[in-house]
């Protein structure tokens, strides 16, 4: 490829950046698992590029030509162009702006169907490391114990260093029933965690409808797992179904929800936020803002309470902030993830795509929550065992050992009523006594060691405890709040 041809390609790329912000219509994607409207660079005139841009591009094109013609090893045109694009994106220091080649873009499209095969988690590139944003509710990732901000160091024993975000995603995804082993660096852990995850079908069921009967009150519950193309319609149908039953209050649960489309959360906001109040504000690079205002005819005649956790990201945070600031409603749980930017997917003409942050989103009151999150009005943390890393059973844990698996086991034992005396990961005599008591209660061999059978039984009992709604402190607090407000 000669310098002139390289220059023309790069001019086209710059033209995309100059014109794209004004050409997008339709939905804005607020996280990596959703697809926004796209634009095509072939419609962008190269004449838009200024003279100083031409001079800079000539230098880039010359550098590329020199590398291709004189570098000690052969390097392909595709690698050079892809490297140049990825280099530009790296300078943005934005984990949500990424380049996808044709293969990864196709995989991205496939994940938008009614289901896909994988582990069920949103990931981003943070400080050069593939990082969990949020595992989906009841997904293999959540069940295996992956948590927000877990940094993935290895995939099946191979380092993620040097991988792009979507190269890592392709390695993590795979056929249902197969296992991917992730080595994770978790804040507060003294060593890396090895977490095997069995891949499964990840259904895209975005709204779950249920009712809770308590103290003579009927409480409706809408559990939103993500904000996809049809989520607003499913939410509206579910809300109508609940209101037809004469509910006394409404719970909206966005815990573990990694986000989705802006127009989806906007439509949902118009169903529950009082008319005339802003649901969200979008701010461009010049500081100009667009407010999305609710047109609801009248305030709902029943109390509404939201539920959040640290896995609630992006569109989930928009809705939570709107409930608090515009609706004067309570939100129970934990401070949310803190993702305050809006991405668009831009086609590059050859099947590859850019996913680029174009706007900030601000809360109803105009607050920027990026990196900060939305604070609930009623802060409630779950029991400690809700957050413990899973037990793998790879090695027998015994007296005088110290590691993260022992720390998790101690937390689980304590949660099940077998007091280990400590939860710092050191296997002392009191921990051994707690293990013996647990083994006796479960009909296991009373060795005092945590072998594979003991670890598996302990892990399953904790999973059962987590799934038991009576142990869900956030949910129970929200129910009590609804009943108090309904009275």
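Numbering (the numbering used here), first residue to last: -10 to 476.
We treat Cβ as the ideally placed atom computed from N, Cα and C, and that holds for glycine.
Values in this document were obtained by computation on a predicted structure and should not be read as measured data.
- Residue 378 counts as buried, since at least 16 other C-beta atoms from the protein chains shown sit within 10 angstroms of its C-beta.
- When DSSP reads this structure, residue 200 sits in a beta bridge with 209.
- Collapsing the DSSP output to three states places residue 242 in a strand.
- Here the C-alpha atom of residue 63 lies approximately 17 angstroms from the C-alpha atom of residue 73.
- Residue range 110 to 115 is occupied by the beta strand (DSSP E) that includes residue 110.
- Listed in chain order, the alpha helix (DSSP H) elements of length 4 or more contained wholly in the stretch 259 to 287 amount to none.
- For the options 383, 388, 423, 390, the alpha carbon positioned closest to that of residue 401 is the one of 423.
- The beta carbon of residue 160 is closer than 6 angstroms to those of 144 in its chain, skipping five residues each way along the sequence.
- The straight-line gap separating the alpha-carbon atoms of residue 450 and residue 443 is approximately 11 angstroms.
- The count of Cβ pairs closer than 8 angstroms, one atom from the stretch 241 to 248 and one from the stretch 123 to 139, reaches three, so the stretches are in contact.
- Taking all protein chains in view, the Cβ of residue 240 is crowded by 16 or more other Cβ atoms within 10 Å, so the residue is classified as buried.
- The continuous stretches of beta strand (DSSP E) do not include residue 309, which lies in the alpha helix (DSSP H) extending over residues 304 to 314.
- Excluding residues up to 5 positions away in sequence, 183, 184, 185, 394, 444 lie with their Cβ nearer than 8 angstroms to the Cβ of residue 381 in the same chain.
- Fewer than three Cβ pairs drawn from the stretch 288 to 299 and the stretch 328 to 347 lie within less than 8 angstroms of each other, which leaves the two stretches out of contact.
- For residue 347, the secondary structure class from DSSP, reduced to helix, strand or coil, is strand.
- DSSP, read as helix, strand or coil, puts residue 401 in helix.
- For residue 72, the uninterrupted alpha helix (DSSP H) segment begins and ends at 66 to 79.
- For the beta strand (DSSP E) assignment, the uninterrupted runs of no fewer than 3 residues enclosed by the stretch 144 to 197 are, from N- to C-terminal side, 168 to 174, 182 to 187, 189 to 192.
- For residue 285 against residue 264, the beta-carbon gap comes to about 4 angstroms, under 8 angstroms, which counts as contact.
- If you ignore the 5 residues before and after residue 437, its C-beta comes within less than 7 angstroms of the C-beta of 421, 424, 425, all in its own chain and listed in chain order.
- Spanning the alpha carbons of residue 305 and residue 65 requires a straight line of approximately 43 angstroms.
- DSSP places residue 448 in the uninterrupted alpha helix (DSSP H) bounded by 441 to 456.
- Looking at the DSSP output, residue 376 bridges to nothing.
- Here residue 326 carries a coil assignment [DSSP, helix/strand/coil].
- Look at residue 227 here: in three-state DSSP terms it is helix.
- Here the stretch 136 to 156 makes no contact with the stretch 347 to 366; the two share fewer than three CB pairs at distances below 8 angstroms.
- Judged by their CB atoms, residue 208 and residue 236 are nearer to each other than the 8 angstroms cut-off.
- In the DSSP assignment, residue 89 forms a beta bridge with 342.
- Where residue 121 is concerned, the enclosing beta strand (DSSP E) starts and stops at 118 to 124.
- CA-CA distance, residue 327 to residue 357, rounds to 9 angstroms.
- Leaving aside the five residues that flank residue 120 on each side, the residues in its chain whose CB is nearer than 6 angstroms to its CB run, in chain order, 113, 140.
- A Cβ-Cβ contact shorter than 8 angstroms links residue 203 with residue 472.
- Residue pairing by DSSP places residue 386 opposite 439 in a beta bridge.
- Listed in chain order, the non-local C-beta contacts of residue 257 below 6 angstroms within the same chain comprise 221, 224, local neighbours out to five positions each way being set aside.
- For residue 297, there is no enclosing alpha helix (DSSP H); the enclosing beta strand (DSSP E) has its first and last residue at 293 to 297.
- For residue 426, the enclosing alpha helix (DSSP H) starts and ends at 418 to 430.
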